[in-house]
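Taken in sequence, the protein lines are chains V and U. Per my numbering, the first sequence starts with residue 14, numbered consecutively. Per my numbering, the second sequence starts with residue 14, numbered consecutively. Glycine is no exception: its CB is placed at the ideal position from the N, C-alpha and C atoms. The model shown is predicted, which means the values in this text are computed figures rather than measured ones. Below is one structure, written out as structure tokens; the observations come after it.
There are 2 protein chains.
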Amino acid sequence: MGEFDLIRRFFQRPVRRAALGVGDDCALLAPAPGMHLAVSSDMLVEGRHFFADVDPEALGHKALAVNLSDLAACGARPLAFTLALSLPRADSDWLERFSRGLLALADAHGCELVGGDTTGGPLNICITVFGEVPAGQALLRSGARAGDDLWVSGTLGDARLALEALRGERTLPAPWLAQARERLERPTPRVALGQALRGLARSAIDVSDGLVGDLGHILQASGVGARIDTQNAIELIATGAISTKASGAFDHETLLRCALAGGDDYELLFTAAPEHRAEVQAAGQATATPVARIGTIEAAPGLRLVDAQGQSLHQQYSSYDHFR
Amino acid sequence: MGEFDLIRRFFQRPVRRAALGVGDDCALLAPAPGMHLAVSSDMLVEGRHFFADVDPEALGHKALAVNLSDLAACGARPLAFTLALSLPRADSDWLERFSRGLLALADAHGCELVGGDTTGGPLNICITVFGEVPAGQALLRSGARAGDDLWVSGTLGDARLALEALRGERTLPAPWLAQARERLERPTPRVALGQALRGLARSAIDVSDGLVGDLGHILQASGVGARIDTQNAIELIATGAISTKASGAFDHETLLRCALAGGDDYELLFTAAPEHRAEVQAAGQATATPVARIGTIEAAPGLRLVDAQGQSLHQQYSSYDHFR
């Protein structure tokens, strides 16, 4: 199987919305009038973002999911994506499963594969995704204001628990591991919620490196600070996939660390004015996405993590950095 | 230097045309009314597309140049690009030189860096580029018609000669090597010519894998064949960077092989109706890009390479395939 056969066989499909898809020098997108095009790129590297033995179908899903999550954080509607793929070899079985996972998620979001590149080399997957958002309505990191509620979708920490179990750093009962692993390997981008939050959320980001680190980007971009009651936050959002009851099996510090600095969650972290609380809850319900209020934006810079008694936590939490 | 310092220091610059640049979940492009957005992705892998000891500044140039070449082949005007970068380590000196080469070419074409990703891993550079082209005016591979002239810009084969010299497969006098290496490592995307050919060329592609292979894509997409007088073609286009006089230093078969199947040329190969010959020449002159007529599109499928006596060449030429 040569390079062009590979593309035709696994990745070339008719496009419906794009003006031109895979198979020319460029793809052609036809943006709708009044729309901005939201663009995001993510690169996944074997050994860094996934284990060498990961299910190729899950990997295909995740490679697109992390990009769709960026569109969600902007409130954009997915349109199309390009796929650049470096492969050690052209393995039909691997490609069939990878493309199945990738294209199933793409179809679920009406997001068309319009172009890309294939080359030999160490396994590396780079997807660039395109979405549309009405001009001026994109959710940005820079819009948080003192007094805003701090919200998070879904639950945080499951992916981290799975990662630690897969690394042999902890043992999880099989059913919990299966659930946590599903969150690590097949994250759900909160695409519908992101769009529903347009006009409601004042700022948003997706949680990919860990809550504390990603919230830091909002605080820095907005020139504000925040306070989180960690006891309340843990009860609302920690390791929910394993069920609230199961979370009793973990010590407080583990729950805190996984929820605040776990990473790979792909939930939305956003702020909204308190007068929009009911509408934010309604947006969550309308999109079948749980949302929880975990803190408050404050004028004083910095993040204040406090316990149930309002005392500051001494533990520092930091997010993943590829070069530290 | 952490991941976010690295981005801020080397890759974050104010945008002028995009609605939002580096530093949020997505970049935002504001497409002009009536324009299609041309999109292309290319991934460059160490050991495949460049040598480990390549000058980082040249590598930065080339990584964007190969993408701009795809825009040129569509007749699109460059607007913006994203950069996803996998790096073995955060080396300030390397990053300074890489970003200098990358951004100098970007500035020369008014093409803004709007987003991307950085990660640890084997060196891999994935750029996705965006350009605009009036709806319905993009140059495609599928428009060639029997009777069209077959044109190529610039010269072909220099990059291949340099590659063979750098691999130790041949010796080149130092000045020739310097010239050929410049073509290999710092190719010139024919962006202005591509735009000047809108409305003139009926089909176009950029020569990245070799003339024969890339012409094959036009022939297949257009359902036509072609004839090339190879003697005439060599005189017009072979290894021009080393000068016509110098080309006498190479045997006929070497010139033929480098020009027809060399690869990494990033010249435009295009077809146009014979009645537009003078306008095509004028487009070349207006954009300071040599153009040469090397063959004819014919109705019968297949590529016929003939010598000065009209006899078919027996030698087969094939282009590079990452998986063959």
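query                                                                                                                : result
Burial state of SER331(U), where buried means 16 or more other Cβ atoms lie within 10 Å                              : exposed
CB contact below 8 Å: CYS338(V) versus chain U                                                                       : Any property of residue 338(V) remains undetermined from this structure, which presents chain V solely from 14 to 337.
Beta-carbon proximity check, VAL127(U) vs GLY34(U), cutoff 8 Å                                                       : yes
Alpha-carbon spacing of ASP106(V) relative to GLY315(V), whole angstroms                                             : 49 Å
Beta carbon proximity, ILE218(U) to chain V, threshold 8 Å                                                           : yes
C-beta contact flag for HIS122(V) and ARG199(V) at 8 Å                                                               : no
Cβ contact check for the region 178-185 of chain U and the region 50-60 of chain U: 3 or more pairs under 8 Å        : no
Near-chain V residues of the region 192-210 of chain U (beta-carbon distance less than 8 Å), N- to C-terminal order  : none
Spatial neighbours of PRO202(V) in its chain, beta-carbon cut-off 7 Å, leaving aside the 5 residues before and after : ALA78, LEU81, SER82, ALA85 and TYR279
Environment of GLU266(V) [buried if 16+ CB atoms lie within 10 Å]                                                    : exposed
Which of helix, strand or coil DSSP assigns to PRO147(U)                                                             : strand
Length of the line joining the Cα atoms of GLU125(V) and ALA117(V)                                                   : 11 Å
Reduced DSSP category for LEU100(U) - H, G, I as helix; E, B as strand; rest coil                                    : strand
Chain U contact for LEU50(V) (CB, 8 Å cutoff)                                                                        : yes
Residue closest to ALA71(V), alpha-carbon to alpha-carbon, out of ASP162(V), ARG90(V), ALA159(V) and GLU195(V)       : GLU195(V)
C-beta neighbour in chain V for GLY73(U), strict 8 Å                                                                 : no
Boundaries (first-last residue) of the beta strand (DSSP E) holding HIS62(V)                                         : Element bounds for HIS62(V): n/a, residue is neither H nor E.
Check whether ASN137(U) and SER99(V) have beta carbons under 8 Å apart                                               : yes
Reduced DSSP category for ARG158(V) - H, G, I as helix; E, B as strand; rest coil                                    : coil
Per-residue burial, PRO44(U) [other beta carbons within 10 Å of its own, 16 or more giving buried]                   : buried
Pick from ILE20(V), GLU145(V), ASN245(V) and MET14(V) that is closest to GLY10(V), judged by C-alpha positions       : Outside the shown range of chain V, which is 14 to 337, sits residue 10(V), and nothing can be said about it.
Neighbour flag for THR284(V) against chain U, beta carbons, 8 Å                                                      : no
Close beta carbons around PHE275(U), own chain, < 7 Å, minus the five adjacent residues each side                    : Looking at the sequence shown, residue 275(U) is not Phe but Gly. LEU169, GLY170, ALA172, ARG173 and GLY223.
Other residues of its chain near GLY139(V): CB distance less than 7 Å, five sequence neighbours each side excluded   : First, the amino acid is wrong: residue 139(V) is Cys here, not Gly. Same-chain partners within the cutoff: SER54, MET56 and ALA97.
Bridge partner(s) assigned by DSSP for THR131(V)                                                                     : LEU98(V)
Alpha carbon of ALA175(U) to alpha carbon of LEU190(U), nearest angstrom                                             : 6 Å
Every unbroken alpha helix (DSSP H) inside the region 217-244 of chain U [4 residues or more]                        : 224-235
DSSP bridge partner residues for ASP55(U) (one or two, in chain order)                                               : ILE140(U)
According to DSSP, residues forming a beta bridge with ALA285(U)                                                     : ASP162(U) and ALA214(U)
Contact list for the region 97-118 of chain U against chain V, Cβ threshold 7 Å                                      : ALA97, SER99 and ALA103
Minimum Cβ-Cβ distance from ALA65(V) to chain U less than 8 Å                                                        : no
6 Å CB neighbourhood of LEU318(V) in its chain, flanking five on each side removed                                   : ILE241, THR243 and LEU326
Euclidean distance between Cα positions of THR300(V) and ALA205(V)                                                   : 6 Å
Range covered by the alpha helix (DSSP H) that runs through LEU108(V)                                                : 105-121
Proximity of HIS49(V) and VAL146(V) at Cβ, strictly below 8 Å                                                        : yes
Nearest-angstrom beta carbon gap, GLY144(U) and LEU197(U) [assumed within contact, 8 Å]                              : Contact doesn't hold; Cβ gap of about 24 Å is too wide.
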